[in-house]
Amino acid sequence: MLMRTDPFRELDRMTQQLMGPGTWSKPSVVPMDAYREGDEYVVAFDVPGVTADAIDIDVERNMLTVKAERRPTAKVDNVKMELSERPLGVFSRQIMLADTLDTERIQADYDAGVLTLRIPIAERAKPRKVSIGAGSGRKEISG
């Protein structure tokens with residue numbers, strides 16, 4: 096068996112026991128990365144060990160909320176847990192989205208424990224050229 100030495104492992108375990116797992120009223124924070132890729136904003140959330148049906152994505156006005164729940168594995172009668180370091184419970188993250196993003200066309204993909212949201216930039220926020228019309232010529236003021 097491979098043994099890894101981590102001087103802070105016991106402290107992390109005790110902190111997790113004292114803080115307890117995240118609950119729906121007080122979830123733990125989901126780590127994320129956010130970046131712009133062309134005409135989209137991409138937000139990637141780390142939620143390993145969570146099934147896709149245990150992830151909830153909501154957008155209300157400009158507030159994006161991602162919640163996920165990592166549930167314990169099924170218990171088998173003849174199995175005795177020797178070590179349990181993977182946190183269980185509810186994880187959540189809220190992000191305020193700018194008005195320049197198109198929240199109606201958000202795409203979500205879940206692969207290898209990473210939830211990736213692609214949020215397109217709204218057409219009204221993209222730079223555009225304004226054409227100048229030709230005037231009707233000279234106007235005279237009579238008086």
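Under the working numbering, residues 96 to 238 are what the sequence shown spells out, in order. Note that CB positions come from ideal geometry on N, CA and C, so glycine has one too.
DSSP places D153 within a strand segment (E or B) once states are collapsed to three. Buried is the label assigned to S123, since at least 16 other Cβ atoms lie within 10 Å of its Cβ. Contact check for R188 against V125 passes: the beta carbons are separated by less than 8 Å. Looking at the backbone, the Cα of A147 and that of A220 are separated by about 32 Å. Here A163 is buried, its C-beta having at least 16 other C-beta atoms within 10 Å.
Take V137, set aside five residues on each side of it, and the residues of its chain with a beta-carbon closer than 6 Å to its own are Y130, R213, in chain order. Of the residues G228, V142, G184, the one whose Cα lies closest to the Cα of A207 is V142. In this structure, the straight-line span from the alpha carbon of V154 to that of A139 is close to 16 Å.
Residue pairing by DSSP leaves R219 without any beta bridge partner. Ranked by Cα distance from M158, the first of L196, I227, A203, I216 is L196. Ranked by Cα distance from Y205, the options E135, E132, I152, P182 are led by I152. The bridge partners DSSP lists for I214 are Y136.
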